[in-house]
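Numbering (our numbering), first residue to last: 82 to 278. Idealized CB from N, CA, C, for every residue including glycine. Quick caveat, the model's predicted, so the values are computed rather than measured. One structure below.
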């Protein structure tokens, strides 16, 4: 967490807007800071922002925007916050195993074709979780099942590698961005960058 995933996508939105592109931000986390986004160069007045209540609602909005052909970039922040309606309406102790994964799998089947047709880029921000009881191999996994991994054209692993300090005050992050999947260019490239607050 705090590796700069949202900052990076806001920078991308700002760059796309400078080229006259229309961008949408589906804020499932309800955590978009318009003041910070503005500081990064995002034109908030031109940005389409949605704060859906459920995961289904977020993905329906995403699909509708893709089908409209009027949007060039859609950002969904974040996959972990796409909570299925049944989970929101259910009791605290209820088991909802695989519900989010099924919802995402179904959405990706619809969404992929619509994104291609409208030449729209969709960015899903996700978070890393630890698999329980893994003795061998990588214990890290991403939320939401495998559908996103399979359908994604590009997957980036973004990690904070250190802090940038001015005296005692932390003013930014050293960040490593690694391409873990790439269908459109060579994968497994790595870049180190600084993300300033």
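| Check | Outcome |
| --- | --- |
| Would residue 231 be called buried (16 or more neighbouring beta carbons within 10 Å of its own) or exposed? | exposed |
| Just to confirm, is the Cβ distance from residue 152 to residue 96 under 8 Å? | no |
| Identify the residues that DSSP records as bridge partners of residue 155: which are they? | 105, 203 |
| Tell whether a beta-carbon distance below 8 Å holds between residue 166 and residue 193. | no |
| In chain order, what residues of the same chain lie with their CB nearer than 6 Å to the CB of residue 88, ignoring the 5 residues before and after it? | 276 |
| Report the start-end ranges of each beta strand (DSSP E) in the region 200 to 270 that is 3 residues or longer and not cut off at the edges. | 202 to 206, 209 to 211, 221 to 223, 235 to 247, 250 to 263 |
| Since residue 130 is in the alpha helix (DSSP H), which residue starts that stretch and which ends it? | Counting along the chain, residue 130 falls outside any alpha helix (DSSP H), though it belongs to the beta strand (DSSP E) covering 129 to 131. |
| Using the rule of at least 16 other Cβ atoms within 10 Å of the residue's Cβ for burial, across every protein chain shown, is residue 181 buried or exposed? | buried |
| For the alpha helix (DSSP H) containing residue 117, list its first residue and its last residue. | 115 to 120 |
| Exposed or buried, residue 184, counting other C-beta atoms within 10 Å across all chains shown (16 or more means buried)? | buried |
| Do the region 142 to 156 and the region 198 to 210 make contact, defined as three or more Cβ pairs closer than 8 Å? | yes |
| Does the beta-carbon of residue 251 have 16 or more other beta-carbons within 10 angstroms, so that it is buried, or is it exposed? | exposed |
| Which two residues bound the contiguous alpha helix (DSSP H) that contains residue 136? | 136 to 149 |
| Excluding five sequence neighbours on each side, which residues of the same chain lie with their C-beta closer than 7 Å to the C-beta of residue 253? | 245, 275, 276, 277, 278 |
| Report yes if the CB atom of residue 237 is closer than 8 Å to the CB atom of residue 259, and no otherwise. | yes |
| Let me know if residue 125 comes out buried or exposed under the rule of 16 or more other beta-carbons within 10 Å of its beta-carbon. | exposed |
| I'd like to check one pair, residue 163 with residue 139: are the Cβ atoms closer than 8 Å? | yes |
| If you check the beta carbons only, do residue 160 and residue 207 fall under 8 Å apart? | yes |
| With DSSP collapsed to three states, give me the class of residue 274. | strand |
| So, helix, strand or coil for residue 186, using DSSP? | helix |
| Select from 247, 265, 243 the residue whose C-alpha is nearest the C-alpha of residue 255. | 243 |
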